[in-house]
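Trainee: Residue 1 is where the sequence shown starts when you use UniProt numbering, and the numbers rise one by one after that. Even for Gly, the Cβ is constructed at its ideal location relative to N, Cα and C. Here the structure is a predicted model, which is why all the values come from computation and not from measurement. Please read through the structure below; I'll follow up with questions.
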Amino acid sequence: MPKTKATGRPAVYCTPACRRSAEYAIRRAQILLTRAQRAQQDAALRVAMSTSAWDIKDAEPRAAFWEGEVERLRTSLRELLEQVGTQDDESTPGTTDPRP
Numbered sequence: 001m002p003k004t005k006a007t008g009r010p011a012v013y014c015t016p017a018c019r020r021s022a023e024y025a026i027r028r029a030q031i032l033l034t035r036a037q038r039a040q041q042d043a044a045l046r047v048a049m050s051t052s053a054w055d056i057k058d059a060e061p062r063a064a065f066w067e068g069e070v071e072r073l074r075t076s077l078r079e080l081l082e083q084v085g086t087q088d089d090e091s092t093p094g095t096t097d098p099r100p
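Laid out in structure tokens, this is it:
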């Protein structure tokens with residue numbers, strides 16, 4: 001087992017399958033967040049550029065929806081990032097105490 005440094009973040013041991021799974025979930029969450037942020041920006045622009053009451057009435061709920069969706073996805077991404085390295089499987093080196 002490699003020696004740990006006295007400073008910095010602790011070493012995280014994870015199997016390649018665990019890493020791939022975590023990377024996939026994080027990448028997917030980032031893509032969804034980017035799409036939601038674009039939709040939120042488009043909805044806010046539509047509210048700002050609306051000239052009739054009907055357009056504003058239609059655009060405001062969309063802007064509110066996308067604002068909530070962006071916040072939900074940010075929270076989801078934060079949770080995924082906090083879980084990285086905590087869901088190792090049994091074959092991961094360094095996670096079990098070799099002493100009896």
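For R38 versus R62, is the C-beta distance shorter than 9 Å?
Mentor: No. Outside cutoff.
Trainee: Look at the alpha carbon of Y24 and the alpha carbon of E79, and state the distance between them as a whole number of angstroms.
Mentor: When rounded, the distance between both Cα atoms is 14 Å.
Trainee: Does the Cβ-Cβ distance between V84 and I26 come in under 9 Å?
Mentor: Contact flag set, yes.
Trainee: Output the distance between the C-alpha atoms of L77 and R19, rounded to the nearest integer angstrom.
Mentor: Roughly 16 Å separates the two Cα atoms.
Trainee: How would you call W66, buried or exposed, if buried means at least 16 neighbouring beta carbons within 10 angstroms?
Mentor: Its Cβ being crowded by 16 or more others within 10 Å, W66 is buried.
Trainee: Is T96 helix, strand or coil by DSSP?
Mentor: Low confidence applies here, because T96 scores a pLDDT of 44, under 50, leaving its location unreliable; read the following figure in that light. It is coil, neither helix nor strand.
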